[in-house]
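Asks:
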Amino acid sequence: MCESVKAAVTGASTPVEVALGALSADRRQRLVVGRPRGSWVVVAMHGSGAVTPDSLGRVARARSLSGPAGVVEPAVGDPRVRLLEEGAELLDAVVDVERRSAQLAGARVRALASFARCRPSVWDRQPGERGAASAASRAARPAVLTEVSEWAADEVAVRLRISGRAASELLVESVELVEQLPGTLAALEAGDISWAQARALTELLRPVTAGKKAAVEARVLPRAGRQTVAQLRECTRRAIARIDADAALRRLETAIRGRKVTRQAGEDGMAVLTA
């Protein structure tokens, strides 16, 4: 660690930089490495054969000091180089899986939105008929599902083996993405954003005026692929405040109307109260 600190102060190559120098250029770019304020940060592997700045110091001793400034000779045959390479390849595979998962989520969205159109509300028992939903039940339904049968969510719940509430939320999000947020859906289908990010945008943009949703999408989507869900939510809130300030007020009004206290059964005889 002393070598790393000294190198960061003097500007010399650190042990981590030396180990990275042994990797191919394209592999170095894919490693999760950053250099904030002149010091390298890597994810250390703990346990047997751990890779740390101290252990990588041994790799630094193999470098050539006679080469041009800034050029580091790789430590040929060092097992740490192989571990860095293999780890980078595994992370590449994980990133590819995440991208494909997002693309599949986009396909699911389109399929569910199409399914909703196949279950029109005119098939339900209408007000005044025996067995029809009450006025309160109809009023409580999400706006995007007013033209969809009240039984559609139950059908989704049975087929996907999820709760009725989760099925209803999934239908709402799917219809909203297809009908109101084409930019977000396109980014999801391309694998540029995750399903969690798409859900966050759907939730936050719900109270935004229809004509201003696209403007918010245009502001936040270019950076969304490099952000966490929390970062994207914060960025989206700021964009909404600039583009449609009244949406924040509408969101507050909705939250006030939806105030409640709920109890959920927990594990081992416990329960959770939420207010």
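Residues in the sequence shown are numbered from 856 upward in steps of one, following this note's numbering. Just so you know, even glycine gets a beta-carbon here, dropped at the ideal spot from N, CA and C.
Relative to the C-alpha of Arg1054, which candidate in Thr1064, Ala1079, Arg1074, Gly1066 has its C-alpha closest?
Replies: Among Thr1064, Ala1079, Arg1074, Gly1066, the Cα nearest to that of Arg1054 belongs to Ala1079.
Asks: Are the segment 1041-1053 and the segment 957-977 touching, with three or more C-beta to C-beta distances below 8 Å?
Replies: Judged by Cβ distances under 8 Å, the segment 1041-1053 makes contact with the segment 957-977, as three or more pairs qualify.
Asks: Using the rule of at least 16 other Cβ atoms within 10 Å of the residue's Cβ for burial, across every protein chain shown, is Lys1068 buried or exposed?
Replies: So Lys1068 ends up on the buried side.
Asks: Using a threshold of 7 Å, state whether the C-beta atoms of Pro1062 and Val1027 are closer than that.
Replies: In this structure, Val1027 does not lie closer than 7 Å to Pro1062 by Cβ.
Asks: Using the rule of at least 16 other Cβ atoms within 10 Å of the residue's Cβ for burial, across every protein chain shown, is Ala948 buried or exposed?
Replies: Label assigned to Ala948: exposed.
Asks: Quick check on Asp1009: buried or exposed, where buried means 16 or more other Cβ atoms within 10 Å of its Cβ?
Replies: Result: exposed.
Asks: From Val952 to Glu984, what distance separates their C-alpha atoms?
Replies: About 50 Å.
Asks: Run through the DSSP bridge pairs and tell me what Val1003 is partnered with.
Replies: Answer is Pro975, bridged to Val1003.
Asks: Can you grab the Cα-Cα spacing for the pair Leu939 / Leu946, in whole Å?
Replies: Answer to the nearest angstrom: the Cα atoms are 11 Å apart.
Asks: Whether or not the segment 966-979 and the segment 1001-1008 are in contact is what I'm after, with contact meaning three or more pairs of Cβ atoms, one per stretch, closer than 8 Å; do they touch?
Replies: As far as the Cβ criterion goes, the segment 1001-1008 touches the segment 966-979, which means the pair count is three or higher.
Asks: May I have the straight-line CA-CA distance separating Arg1114 from Gly1019, to the nearest angstrom?
Replies: Roughly 21 Å separates the two Cα atoms.
Asks: For the beta strand (DSSP E) that contains Thr1129, what are its first and last residues?
Replies: Thr1129 -> beta strand (DSSP E) spans 1126-1129.
Asks: Going by C-alpha distance, which of Asp1123, Ala988, Thr1083 is nearest Ile1048?
Replies: Checking every option, the nearest Cα to that of Ile1048 belongs to Thr1083.
Asks: At which residue ranges does the segment 996-1084 contain complete alpha helix (DSSP H) runs of 4 or more residues, listed in the order of the chain?
Replies: For the segment 996-1084, whole alpha helix (DSSP H) runs of length 4 or above, ordered along the chain, are 1007-1015, 1019-1035, 1037-1044, 1050-1060, 1068-1079.
Asks: What residue does the alpha helix (DSSP H) around Ala1100 start on, and which one ends it?
Replies: Run containing Ala1100: 1100-1112, per the alpha helix (DSSP H) assignment.
Asks: Which partner residues of Gln1119 appear in the DSSP bridge assignment?
Replies: DSSP output for Gln1119 lists Val1127 as bridge partner(s).
Asks: If you run the structure through DSSP and keep just helix, strand and coil, what is Asp947?
Replies: Helix at Asp947.
Asks: Run the CB neighbour count on Ser989, radius 10 Å, all protein chains shown included, and call it buried at 16 or more, exposed below.
Replies: Exposed.
Asks: To the nearest angstrom, how far is it from the Cα of Leu1104 to the Cα of Arg993?
Replies: Approximately 25 Å, taken between the alpha carbons.
Asks: Is it right to say Glu1072 is buried, meaning 16 or more other beta carbons lie within 10 angstroms of its own, or is it exposed?
Replies: Buried: at least 16 other Cβ atoms inside 10 Å.
Asks: With DSSP as the reference, label Gln958 as helix, strand or coil.
Replies: If DSSP states are grouped into helix, strand and coil, Gln958 belongs with the helices.
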